[in-house]
Amino acid sequence: MKQQIIVSGIGGQGALFLTRVIAQAAVDLDIPVLTSETHGMAQRGGTVISTIKVGDFASPLIRTGQADVGLLLWESNLAVHRPLLKPGGALLVNAETAGEGDRLDASGIARKLGNAVLSNLVLLGRAVQTKVLFCDEQTCVAAIRKLAPERFVEQNLQAFYEGLHR
Amino acid sequence: MKQPEIQLVMGNEAIAGGLLEAGCQVVAAYPGTPSTEILQAVINQRDESDVPLHIEWSVNEKVAFEVALAASYTGKRSAAIMKQVGLNVAADPFMRTAYLGVVGGMVTIVADDPGPHSSQTEQDTRLFCMQARVPVLDPSSPAEAKAMVEPAFALSEKYQRNIVLRPTTRICHSRQSVTVGAVRTIHAPSTFTPDPGRWCATPAFLPGLHTGLNNDLAAIADEPDWQPRLTSGDGSRPRQALVASGIVYAHLLDLLDELDLAGTIDLYQVLMPYPLAPTFIEKLRDGYDRVLVLEETYPVIELQLAHPGGAGKQSGAVPRVGELTPDLVHAVLADFLDLAQPAQSVPAQRGQRPSLCPGCPHRAAFYAIKQTFPEGIFPSDIGCYTLGMNLGAVHTVHCMGACISQGAGFYHAYHLDGGEVPTIVVTIGDSTFFHAGIPALINAVLQQARIIVVILDNGTTAMTGGQPVPHLGVAAGGRPTKAIAIEPLVRAAGVEHLEVCDPYDMSAFTRALKQADRYIRSDDGSVAVVISRRPCVMDPVAKKARRPVTVIVNEECLGCGICVSEFECPAVSLNEELGVAVIDQDRCIGCGVCIDVCPAQAIEIKEQ
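Chains A and B supply the protein sequences, listed in that same order.
Once you know that position 14 of the first sequence is 14 in UniProt numbering, the rest is easy, because the numbers rise by one and skip nothing.
Once you know that position 572 of the second sequence is 572 in UniProt numbering, the rest is easy, because the numbers rise by one and skip nothing.
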């Protein structure tokens, strides 16, 4: 089992949390995992990217054209991070408008749940539903339960299910 | 005792775990990306230790280093933690420590930032260590970084030398499944033995100490556990070798695997880039005609190897600037092994630039400064507020604390010419002020520099995620301590014009700036200080206190765009089609400062 995943967004959108949930799912499935994250100045509203490599890898970074899955929380990042995706790779985009990839207004859905930042888990739900990720519903739910602050667990799960059942 | 278990941890958390598992008892740091989370993780795990720990956010890196150093003199294991430019600040004690040595194991963790991603240089701590003559370790993964900590302490104790562990951004901010074990308890009662010939070494003692250092370095270079690790090739590429260290070694492993080249060529991982063993250097010289050296950021291994068939940064085979990404490693390897070059794929555009958060009090201060002094000169400093450059209110950013002295330098230069001196407004954050601003302020007053110093006091070290600052009265981990207020320090530095103001109150803040300008231009004027005080929007207490208001654009909007171009709030944008400003309610926090910015009274608070 080997899979390379990118999570792309802007600082403050919860790209880091989504990255941790996916990586935790790998740990719980007993698969080695490596991630890289953006911290520091770029986190102040700038473009951020996380990479997740599931399986037997040594480096956390992904070469151009090697990502199996792209989860884009910020549509304009397509112009920046699109080249990382391999031909035929799965692309999920949080967007209101039509365009490339499997699109879902995750922010809109999340807003209805009370906070646009939940778009990260809405998109994860969709990725699990369309079976593009290595992990299934149960693993993701367990990872969210493990990582979300206690008082937000239910809201986070709700966001995940919104994406999963849409 | 805690059973070892597999956990997903960030590189910095892994290193912290390594420190506690090695029985390190004194840990001192100053926050800086990418090193910050190490000390935070030590704090989070401190309850697992059976012995008391001393953990501190020091006021700067020099202080952190000296605190850890003296703790080591007593026999305890200690660590100082900083980012690469922090080592510049700690350079003075660091260099001398190489000669004098340590007693209890001392490891200095210096996180480098090739790229750089969040730093003012991409300097290589390994080269710094070569100049300082300090052994340095270069891990290639979070797990390896953790595994190196205990042996680093052992090496430090064996030779009584400070040892540097140098992770890079891609180690610090990677997560990996890592085995987390029990915290170790070492009972090492503090016993400092005075030894003036060593701890106070006057020049007379230094040749002897220097000789001892040279002898130890030679022995450390030959330490069997720290020799480069060879993965032998199958002989299909004879007399060629790859040599790599740090995260680049990891990139190379994945690449060789993906290209189906693993095991076809001799591959060396260098664990300790300095000092390299002469035997290793000779072995490469005799055994190989061509050697590709991959390392970040400077050619430290390549320089020591001085291989006649060496390919690297010196030879021009490897880019000399920036991070060695897997894509670059691919291109370099293809060149060296005569493989097909990877297809070039350049992103269509750069990503979105970072900016101050919506509602950031610094934005309000910068806006007022720029509006009040359109012809001003604006030296600034290191922190979130560097982003004031987006508003045109930051003209220089150099290194921690430099802005005050630079402001003074600008003043003296213009003053020499006679005539009107432009208003010089310096902006410095509260944490930066404590770190290196105080001596500069004293000097500016002493030299009668007529400048305005605005201390941007948001009550935290914001850029690195909110570490405590000295005027809060809170030490690492929430321990209460004496609060050291900014105002008395400013007054004690000889400043006679001091005003404290809330930057959200645009008219009062502007008035304070104008008063300060009148003061510096008056007959007995000197340095004026304005403290711009309002908590960071990320501060949990400030978040709770926030009133939930909705800021909207009404029909008066002319679409002039001042709120976007001059104020630069990420929550405000221009709708090109409608020709009006729109507020992104997902991002707006309702600070309402843009209401004062709009010349058409088109922004207002929507009554609930």
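A virtual CB, placed ideally from N, CA and C, is assigned to each residue, including glycine.
Predicted model, so just to flag it, every value in this text is computed and none were measured.
Inset, instruction - Would you please verify whether the beta carbon of residue 21 of chain A is less than 7 Å from any beta carbon of chain B? - result: Within the first sequence, the letter at position 21 stands for residue 21 of chain A. Taking Cβ atoms only, chain B never reaches closer than 7 Å to residue 21 of chain A, which makes this a no.
Inset, instruction - Would you mind reading off the limits of the alpha helix (DSSP H) that contains residue 210 of chain B? - result: For this step, residue 210 of chain B is matched to residue 210 along the second sequence. Unbroken alpha helix (DSSP H) run through residue 210 of chain B: 206 to 221.
Inset, instruction - Kindly indicate if chain B contains any beta-carbon less than 7 Å away from that of residue 55 of chain A. - result: If you number the first sequence from 1, residue 55 of chain A lands on position 55. Residue 55 of chain A does not count as touching chain B.
Inset, instruction - Tell whether a beta-carbon distance below 7 Å holds between residue 125 of chain B and residue 155 of chain B. - result: For this step, residue 125 of chain B is matched to residue 125 along the second sequence. For this step, residue 155 of chain B is matched to residue 155 along the second sequence. Contact: no.
Legend entry - Neighbour list for residue 384 of chain B in chain A, Cβ cutoff strictly below 7 Å: Sequence index remark: in the second sequence, residue 384 of chain B carries index 384 (1-based). By Cβ distance, chain A contributes 44.
Legend entry - Counted within 10 angstroms of its Cβ, other Cβ atoms place residue 94 of chain A as buried (16 or more) or exposed: Along the first sequence, read from residue 1 onward, the residue named residue 94 of chain A stands at position 94. So residue 94 of chain A ends up on the buried side.
Inset, instruction - Please check if any C-beta of chain A sits within less than 7 Å of the C-beta of residue 33 of chain B. - result: Taking the first residue of the second sequence as position 1, residue 33 of chain B is located at position 33. Yes, residue 33 of chain B lies at the interface with chain A (some Cβ there is under 7 Å from its Cβ).
Legend entry - Cα-Cα separation between residue 609 of chain B and residue 516 of chain B, rounded to whole angstroms: Residue coverage of chain B in this structure runs from 1 to 608, which leaves residue 609 of chain B outside it and unanswerable.
Inset, instruction - Would you kindly work out how many angstroms separate the C-alpha atoms of residue 378 of chain B and residue 600 of chain B, rounded to a whole number? - result: Within the second sequence, the letter at position 378 stands for residue 378 of chain B. Within the second sequence, the letter at position 600 stands for residue 600 of chain B. So the alpha carbons of these two residues sit roughly 28 Å apart.
Inset, instruction - Evaluate residue 39 of chain A with the Cβ neighbour count: other Cβ atoms within 10 Å of its Cβ, from every protein chain shown; 16 or more gives buried, anything less gives exposed. - result: Within the first sequence, numbered from 1, the residue matching residue 39 of chain A stands at position 39. The residue is buried, with at least 16 neighbouring Cβ atoms inside 10 Å.
Inset, instruction - Note down, in chain order, every chain B residue with its Cβ under 8 Å from the Cβ of residue 1 of chain A. - result: The residue given as residue 1 of chain A occupies position 1 in the first sequence. Residues of chain B passing the Cβ test: none, with the nearest at roughly 14 Å.
Legend entry - Within chain A, the residues that residue 326 of chain B reaches when beta carbons sit closer than 9 Å: Translated into positions along the second sequence, residue 326 of chain B becomes position 326. The contacting residues are 59, 61, 62, 63, 64 and 66.
Legend entry - Nearest neighbour of residue 506 of chain B, chosen from B:460, B:137, B:594 and B:524 [CA to CA]: As a working mapping, residue 506 of chain B is identified with position 506 in the second sequence. Comparing Cα positions, the closest option is B:594.
Legend entry - Proximity winner among A:86, A:157 and A:48, relative to residue 74 of chain A (alpha-carbon distances): Mapped onto the first sequence, residue 74 of chain A falls at position 74. Closest by alpha carbon: A:48.
Legend entry - Within 7 Å of chain A by C-beta, residues of the stretch 171 to 193 of chain B in sequence order: 173, 174, 175, 176 and 177
Legend entry - residue 82 of chain B burial status per 10 Å Cβ neighbour count (16 or more: buried): Residue numbering aside, residue 82 of chain B sits at position 82 when the second sequence is read from its first letter. Per the 10 Å Cβ criterion, buried.
Legend entry - Pairwise C-alpha distance: residue 10 of chain A and residue 96 of chain A: In the first sequence, the residue the question calls residue 96 of chain A occupies position 96. In the first sequence, the residue the question calls residue 10 of chain A occupies position 10. Looking at the two C-alpha atoms, the distance is approximately 17 Å.
Legend entry - Which listed residue (A:4, A:77 and A:86) has its alpha carbon closest to that of residue 31 of chain A: Residue 31 of chain A sits at position 31 when you count from the first residue of the first sequence. Taking only the C-alpha atoms, the option nearest residue 31 of chain A is A:4.
Inset, instruction - Could you have a look at residue 175 of chain B and say whether DSSP puts it in helix, strand or coil? - result: Along the second sequence, read from residue 1 onward, the residue named residue 175 of chain B stands at position 175. Three-state result, residue 175 of chain B: strand.
Inset, instruction - Examine chain B for any beta-carbon lying closer than 7 Å to the beta-carbon of residue 149 of chain A, and answer yes or no. - result: Position 149 of the first sequence, counted from the first residue, corresponds to residue 149 of chain A. No - not a single Cβ of chain B is within 7 Å of the one on residue 149 of chain A.
Legend entry - Beta-carbon proximity check, residue 312 of chain B vs residue 266 of chain B, cutoff 7 Å: Within the second sequence, residue 312 of chain B is the residue found at index 312, counting from 1. Within the second sequence, residue 266 of chain B is the residue found at index 266, counting from 1. In this structure, residue 266 of chain B does not lie closer than 7 Å to residue 312 of chain B by Cβ.
Legend entry - Anticipated Cβ contact below 8 Å, residue 220 of chain B with residue 159 of chain B, distance rounded: By one-based count along the second sequence, residue 220 of chain B stands at place 220. By one-based count along the second sequence, residue 159 of chain B stands at place 159. Between residue 159 of chain B and residue 220 of chain B the Cβ distance is about 6 Å, and since that is below 8 Å, they are a contact.
Inset, instruction - Leaving aside the five residues before and after residue 461 of chain B along the sequence, list all residues of the same chain whose C-beta is less than 7 Å from its C-beta, in chain order. - result: Counting from 1 along the second sequence, the entry for residue 461 of chain B is found at position 461. So the qualifying residues of the chain are 31, 431, 467 and 469.
Legend entry - Pair within 7 Å by beta-carbon distance, residue 401 of chain B and residue 394 of chain B: For this step, residue 401 of chain B is matched to residue 401 along the second sequence. For this step, residue 394 of chain B is matched to residue 394 along the second sequence. In this structure, residue 394 of chain B does not lie closer than 7 Å to residue 401 of chain B by Cβ.
Inset, instruction - Would you mind working out which of B:427, B:537 and B:321 sits nearest residue 115 of chain B, comparing C-alpha positions? - result: Residue 115 of chain B sits at position 115 when you count from the first residue of the second sequence. Closest by alpha carbon: B:321.
Legend entry - Under 7 Å by beta carbon: chain A residues contacting residue 250 of chain B: If you number the second sequence from 1, residue 250 of chain B lands on position 250. Ordered by position in chain A, the residues that pass the 7 Å Cβ test against residue 250 of chain B are 58 and 59.
Inset, instruction - Pull up the CB-CB distance for residue 571 of chain B and residue 584 of chain B, whole angstroms please, since I reckon it's below 8 Å. - result: Within the second sequence, residue 571 of chain B is the residue found at index 571, counting from 1. Within the second sequence, residue 584 of chain B is the residue found at index 584, counting from 1. Residue 571 of chain B to residue 584 of chain B, Cβ: 5 Å. Contact.
Legend entry - Assigned secondary structure, residue 412 of chain B (DSSP; H/G/I helix, E/B strand, else coil): Residue numbering aside, residue 412 of chain B sits at position 412 when the second sequence is read from its first letter. If DSSP states are grouped into helix, strand and coil, residue 412 of chain B belongs with the helices.
Legend entry - Opposing strand residues paired with residue 497 of chain B [DSSP bridges]: If you number the second sequence from 1, residue 497 of chain B lands on position 497. Its beta-bridge partners are B:528.
Inset, instruction - Verify whether the separation of the beta carbon atoms of residue 171 of chain B and residue 152 of chain B is less than 7 Å. - result: Along the second sequence, one-based indexing puts residue 171 of chain B at 171. Along the second sequence, one-based indexing puts residue 152 of chain B at 152. No, they are not a contact pair.
Legend entry - Below-7 Å beta-carbon distance, residue 87 of chain A vs any chain B residue: For this step, residue 87 of chain A is matched to residue 87 along the first sequence. By this cut-off, residue 87 of chain A is not an interface position.
Inset, instruction - Please determine if the stretch 520 to 533 of chain B and the stretch 436 to 448 of chain B are in contact, where contact requires at least 3 C-beta pairs separated by less than 8 Å. - result: yes
Inset, instruction - Would you kindly check if the distance between the Cβ of residue 213 of chain B and the Cβ of residue 96 of chain B is under 7 Å? - result: Counted from its first residue, the second sequence places residue 96 of chain B at position 96. Counted from its first residue, the second sequence places residue 213 of chain B at position 213. Taking 7 Å as the Cβ cut-off, residue 96 of chain B and residue 213 of chain B do not qualify as a contacting pair.
Legend entry - Alpha-carbon to alpha-carbon, residue 327 of chain B and residue 92 of chain A: Counting from 1 along the first sequence, the entry for residue 92 of chain A is found at position 92. Counting from 1 along the second sequence, the entry for residue 327 of chain B is found at position 327. About 24 Å.
Legend entry - Where the stretch 330 to 364 of chain B meets chain A: residues whose CB sits under 9 Å from a CB there: 330, 342, 343, 344, 345, 346, 347, 348, 349, 350, 351, 352, 353, 354, 355, 356, 357, 358 and 360
Inset, instruction - Indicate the three-state DSSP secondary structure (helix, strand or coil) for residue 513 of chain B in the structure shown. - result: Reading the second sequence from its first residue, position 513 is the one you call residue 513 of chain B. In the structure shown, residue 513 of chain B sits in a helix (DSSP, three-state: H, G or I).
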